[in-house]
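There are 2 protein chains.
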Amino acid sequence: MIILRTVPELRAFVNGWKRVGGRIGLVPTMGYLHEGHLSLVDRLGPRCDKIITSIFVNPKQFAPGEDLDRYPRDFDRDEKLLAGRGVDALFYPANEVMYPAGFLTYVDVEKLGENLCGRSRPNHFRGVTTVVSKLFLLTKCDAAAFGQKDYQQARIIQRMVEDLNFDIEIVICPIVREPDGLAMSSRNVYLTHEERKNALGLHRALEDVRILYNSGERAASLLIRQMQTTFQSIPNLKIDYLDILDAGSLQSIGVLTGRSVAVIAAFVGKTRLIDNVILEAKG
Amino acid sequence: MIILRTVPELRAFVNGWKRVGGRIGLVPTMGYLHEGHLSLVDRLGPRCDKIITSIFVNPKQFAPGEDLDRYPRDFDRDEKLLAGRGVDALFYPANEVMYPAGFLTYVDVEKLGENLCGRSRPNHFRGVTTVVSKLFLLTKCDAAAFGQKDYQQARIIQRMVEDLNFDIEIVICPIVREPDGLAMSSRNVYLTHEERKNALGLHRALEDVRILYNSGERAASLLIRQMQTTFQSIPNLKIDYLDILDAGSLQSIGVLTGRSVAVIAAFVGKTRLIDNVILEAKG
């Protein structure tokens, strides 16, 4: 696996692949990798000739006071994990490579980023869409994989790709969970032993709402109430948001008819975690 | 010359060229072509294997009350002109092709679009950068040409290309003028016989400031005063802006040291015209 740190290095590599007609897959990450990230690599592998993974803790998607400075990093471990998974190139740029002096351009997806994570993390999605656009253009990728755990992010990126006419296949991969159900996240490392147990409340609330949905319940208000009840039975969790929305538009719905998504974000101590489940009647 | 109206048509064509390693040049226009546009085609020709011209009167770069509805159009004439100049493909999309229902994504270059044309045309440059990004991604162009007449636009696009890592060579081409000096513009067709004469005031003001600059004057205030004096000697012109700025940052300067630009925008009757001249000491 080759490690590329600058734009000219990456360009030379990418253009070489492109010249021989290679199909490039991109897995953009912020590092501190877990099986969720690696499942994205595995998923793109068979669809692409070459896989690039990027590791870049993107300052533009963190608000002041968030965890940019303490976001966990372990480059050596990440490098080994990716090489072991057959990644061809690791793009690992410095901040000045991505945002040189004089940087002024942003990509914005309106509306879809206003609620949920966008409400408590102002400018977060603007940072995400800007850096993802840059990574798409730098890697000239034909496919890119994102995790369903960041459901709103995935929807926003799909919208951006369609609106700006990126010719890129966006692959959304299922949430990978710990054996007890906790959604994998680089931020799980922040949790104390006690918090780690309480963090399971997110998954439990989503499991309970899925059971109720599968039993035939379609009223959003009742389904949401079930999530709240489960959630409140677990100590030391603070809801950021908890909702059931149309899976496409991310807007509120009264009765679940098509594909919907139950979403949850909560603070476990100081750590903010998110999780979600798709609610869809089986054909 | 092939005419392409939809995204799948354009994609099939572009991907066919890309497979054989062709270098693609793009000349984006709003149609009603003049020698200024055609000079862009001529300039890209030797640098590219295939030339695509787009004709799209982009509604997102017009404010309410501007001339979107009456913007001049003559597709048959444009088609003949482009075919005669050796253009390979003409991309001519409908509004619904470029902005289908549910469109939400915008590209924004901060600061550079705030003054000059951005002040009197709110959201204009956001519309420009968004549509140009789309055209770049649709055509997968390796080079694109823009006219220096829209100087601020050219600078904003250069900034966007650098910031978002578009791997595209941006070629800025000199202003093409009528024999008497008026900068060519599709909007010149709006001018009455009398207005056409007065419109020369833009060019005269810029010529006078160039002469003063070449005589050694470097104080921005004196150069600007010269432009104003010339300009005010011509009847029925209303200044929108008139300034001398750093050619890179588009910020005001006191003394002209490096590359600068004298810019002017004025209403001639109801028609808004722009023009500019680069002020740079010869090596």
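Protein chains in written order, with our numbering: chain A, 46 to 328; chain B, 46 to 328. Beta carbons are placed, not taken as given, at the ideal position from N, Cα and C, and that holds for glycine.
Under 9 Å, CB to CB, which of the residues in the region 88–112 of chain B have a partner in chain A? none
In chain order, what residues of the same chain lie with their CB nearer than 6 Å to the CB of Arg304 (chain B), ignoring the 5 residues before and after it? Counting from one through the second sequence, the residue named residue 304 (chain B) turns up at place 259. So the qualifying residues of the chain are Ala292 and Glu325.
Residue environment, Asp121 (chain A), which counts as buried when at least 16 other CB atoms sit within 10 Å: Stepping through the first sequence from its first residue, residue 121 (chain A) is reached at position 76. Burial call: exposed.
Kindly indicate if chain A contains any beta-carbon less than 8 Å away from that of Phe148 (chain B). As a working note, residue 148 (chain B) is residue 103 in the second sequence. For Phe148 (chain B), the answer is yes, since a Cβ of chain A falls inside 8 Å of its Cβ.
Considering only their Cβ atoms, is the gap separating Val308 (chain B) from Tyr196 (chain B) smaller than 8 Å? Taking the second sequence and counting its residues from 1, the one referred to as residue 196 (chain B) is at position 151. Taking the second sequence and counting its residues from 1, the one referred to as residue 308 (chain B) is at position 263. Yes. Within cutoff.
Distance CB(Val59 (chain B))-CB(Lys185 (chain B)) smaller than 8 Å: Against the second sequence, residue 59 (chain B) aligns to sequence position 14. Against the second sequence, residue 185 (chain B) aligns to sequence position 140. Yes; because the gap between Cβ atoms is below 8 Å, this pair is in contact.
Which residue comes first and which comes last in the beta strand (DSSP E) that contains Asp285 (chain A)? Walking along the first sequence from the start, residue 285 (chain A) turns up at place 240. Counting along the chain, the beta strand (DSSP E) containing Asp285 (chain A) begins and ends at Leu282 to Asp291.
Which stretch, first to last residue, makes up the beta strand (DSSP E) that contains Ile325 (chain A)? On the first sequence, position 280 is the one that residue 325 (chain A) refers to. Reading off the sequence shown, one finds Glu at residue 325 (chain A), where the question assumed Ile. No beta strand (DSSP E) contains Glu325 (chain A), which DSSP labels as neither H nor E.
Taking Cβ-Cβ distances below 7 Å as the criterion, which residues of the region 206–237 of chain A are in contact with chain B? Asp208, Leu209, Asn210, Phe211 and Asp212
Measuring only between beta-carbons, confirm whether Arg204 (chain A) sits less than 8 Å from chain B. As a position in the first sequence, residue 204 (chain A) is number 159, starting the count at 1. With 8 Å as the cut-off, Arg204 (chain A) counts as an interface residue toward chain B.
Going by DSSP, name the residue or residues bridged to Ser99 (chain B). On the second sequence, residue 99 (chain B) is found 54 positions in, with the first residue counted as 1. Per DSSP, B:Pro73 and B:Phe136.
In angstroms with no decimal places, state the Cα-to-Cα distance between Thr237 (chain B) and Arg317 (chain B). Looking up residue 237 (chain B) in the second sequence gives position 192. Looking up residue 317 (chain B) in the second sequence gives position 272. If you take the alpha carbons of Thr237 (chain B) and Arg317 (chain B), they lie about 13 Å apart.
Which chain B residues are close to Tyr137 (chain A), counting only those with a beta carbon under 7 Å from its beta carbon? Along the first sequence, one-based indexing puts residue 137 (chain A) at 92. In chain order: nothing, as chain B lies at least about 16 Å away.
Phe107 (chain B) to Asn168 (chain A) span [Cα, whole Å]: Residue mapping note: residue 107 (chain B) aligns to position 62 of the second sequence, counting from 1. Residue mapping note: residue 168 (chain A) aligns to position 123 of the first sequence, counting from 1. Taking the straight line joining both Cα atoms gives about 27 Å.
Pick helix, strand or coil for Ile309 (chain B), following the three-state DSSP scheme. Here residue 309 (chain B) is taken as the residue at index 264 of the second sequence, counted from 1. Ile309 (chain B) falls in the strand class under three-state DSSP.
Whose Cβ in chain A lies nearer than 8 Å to the Cβ of Gly66 (chain B)? For the purposes of this step, residue 66 (chain B) is taken as the residue at position 21 of the second sequence. Within 8 Å Cβ-Cβ: Arg64.
Excluding five sequence neighbours on each side, which residues of the same chain lie with their C-beta closer than 6 Å to the C-beta of Gly246 (chain A)? As a first step, residue 246 (chain A) must be located in the first sequence, where it is residue number 201. Contacts found: Phe276, Ile279 and Leu282.
Taking only three categories from DSSP, how would you classify Ile269 (chain A)? Position 224 of the first sequence, counted from the first residue, corresponds to residue 269 (chain A). Ile269 (chain A) falls in the helix class under three-state DSSP.
Where Gly192 (chain A) falls, given that 16 or more other Cβ within 10 Å makes a residue buried: In the first sequence, residue 192 (chain A) corresponds to position 147, counting from 1. Classification for Gly192 (chain A): buried.
Specify the secondary structure class of Phe148 (chain A) as computed by DSSP and reduced to three states. Within the first sequence, numbered from 1, the residue matching residue 148 (chain A) stands at position 103. Here Phe148 (chain A) sits in coil by DSSP.
Just the chain A side, please: which residues come within less than 7 Å of Arg50 (chain B) by C-beta, in chain order? Your numbering for residue 50 (chain B) matches position 5 in the second sequence. Near Arg50 (chain B) there are no residues of chain A at all, since even the closest Cβ is about 15 Å away, more than 7 Å.
Whose CA, out of A:Met75, A:Ala189, A:Lys156 and A:Leu127, lies closest to the CA of Pro117 (chain A)? Within the first sequence, residue 117 (chain A) is the residue found at index 72, counting from 1. Comparing Cα-Cα distances from Pro117 (chain A) to each of A:Met75, A:Ala189, A:Lys156 and A:Leu127, the minimum goes to A:Met75.
Which residues, taken in chain order from the region 152–167 of chain B, show a beta carbon closer than 8 Å to some beta carbon of chain A? Val152, Asp153, Val154, Glu155, Lys156 and Leu157
What did DSSP end up calling Glu262 (chain A) once you bin it into helix, strand or coil? Residue 262 (chain A) sits at position 217 when you count from the first residue of the first sequence. Looking at Glu262 (chain A) - three-state DSSP - the assignment turns out to be coil, as it is neither helix nor strand.
Given this structure, state the Cα-to-Cα distance separating Val52 (chain B) from Val72 (chain A), to the nearest angstrom. Within the second sequence, the letter at position 7 stands for residue 52 (chain B). Within the first sequence, the letter at position 27 stands for residue 72 (chain A). Computed Cα separation, rounded: 26 Å.
Any Cβ of chain B within less than 8 Å of the Cβ of Arg56 (chain A)? Position 11 of the first sequence holds residue 56 (chain A). So, interface residue.
In the DSSP output, what is Cys218 (chain B) paired with across the bridge? Position 173 of the second sequence, counting from 1, holds the residue named residue 218 (chain B). Its beta-bridge partners are B:Gly192.
8 Å is my cut-off, CB to CB: does Leu295 (chain B) come that close to chain A? In the second sequence, residue 295 (chain B) corresponds to position 250, counting from 1. For Leu295 (chain B), the answer is no, since every Cβ of chain A falls outside 8 Å of its Cβ.
Have a look at Cys162 (chain A) and Asp225 (chain B) and give me their C-alpha separation to the nearest angstrom. Numbered from 1 along the first sequence, position 117 holds the residue referred to as residue 162 (chain A). Numbered from 1 along the second sequence, position 180 holds the residue referred to as residue 225 (chain B). Spanning the two alpha carbons is a distance of roughly 59 Å.
Is there a Cβ from chain B that is less than 8 Å from the Cβ of Ser178 (chain A)? On the first sequence, residue 178 (chain A) is found 133 positions in, with the first residue counted as 1. Interface residue, yes.
With distances taken from CA atoms, which of B:Ala228, B:Val306, B:Glu214 and B:Met205 is nearest Val254 (chain B)? In the second sequence, residue 254 (chain B) corresponds to position 209, counting from 1. The shortest C-alpha separation from Val254 (chain B) is found at B:Val306.
Measure from the alpha carbon of Leu287 (chain B) to the alpha carbon of each residue in B:Leu183, B:Ala128 and B:Leu251, then state which is nearest. For the purposes of this step, residue 287 (chain B) is taken as the residue at position 242 of the second sequence. The residue with the shortest Cα to Cα distance from Leu287 (chain B) is B:Leu251.
What separation, rounded to the nearest whole angstrom, lies between the Cα atoms of Gly81 (chain B) and Tyr235 (chain B)? To locate residue 81 (chain B), count along the second sequence from 1; it is residue 36. To locate residue 235 (chain B), count along the second sequence from 1; it is residue 190. If I take the Cα positions, the gap works out to 17 Å.
Closer than 7 Å, Cβ to Cβ, to anything on chain A: give me those residues from the region 181–205 of chain B, in chain order. Leu182, Leu183, Arg204 and Met205
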